[in-house]
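Quick note on numbering: the sequence shown equals residues 1 to 162 in the UniProt record's numbering. Built from N, CA and C at the ideal position, the CB exists for glycine as well. Remember, it's a predicted structure, so these values are computed and weren't measured experimentally. The structure appears below as structure tokens.
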Amino acid sequence: MTLSSPKGPLAEVASRFLPHFFRGRVVHGYGRGGKKLNCPTANLESSTVTSLPNDFPNGVYAGFARVEKTDLQPMVMSVGFNPHFGNEKKTLEVHILKEFNEDFYDKMVEAVALSFIRPLESYSSLAELINAIETDKSIARSTMTDGQKTEVEKHKFFSADA
């Protein structure tokens, strides 16, 4: 799978880890995604975060995800310490680009990160952060194609019982 990615040293490093497949149970996060940012996220358990390679770059990625073996959907994810809010704990948060009526707490999410969008940053205002998140979502929607979805669905990670 070859995707165009942003240029730069961090994007280059990130590309060495992609595609990256992962799964984890959804836990409670800080409660900001849906309420403050118009971007509800599935925060994955800490064991999923600690299972990432040590030098996996923090940042925002695009890919595909599913909840409890449902259909794969495009997603955008954040991995890192979220410098805008000064988080001290590294998190992995997945935002599936489909509207859901329910929360996913204690459900299993399976996902693949396919492309690096940008590094995590601190913004001068919440409005700037929200604008960046909306841009991330737009990039993920436009770059995650049906062809890529079909290719990913065939991968043993998504076809194996876990």
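| Check | Outcome |
| --- | --- |
| Cβ pair G63, V112 closer than 8 Å | yes |
| F157: CB within 7 Å of a non-hydrogen atom of the ligand NAP | Absence of the ligand NAP is noted for the structure shown, with no ligands found whatsoever. |
| Where L97 sits in the DSSP three-state scheme | coil |
| The alpha helix (DSSP H) enclosing L114, as first and last residue numbers | From DSSP, L114 is part of no alpha helix (DSSP H) but of the beta strand (DSSP E) over M108 to R118. |
| Backbone secondary structure at S4 - three-state DSSP | Summary for S4: the model assigns pLDDT 46, below 50, so the residue's position carries little reliability, and this model does not support an answer. |
| Chain-order list of residues whose beta-carbon lies under 6 Å from that of T2 (same chain, five-residue window excluded) | Residue confidence is low: T2 scores 42 on pLDDT, short of 50, so the model does not pin down where it sits. Its coordinate-derived value is still stated next. Excluding positions up to five away in sequence, the list is empty. |
| Burial state of S122, where buried means 16 or more other Cβ atoms lie within 10 Å | exposed |
| Local conformation of S124 per DSSP, three classes | coil |
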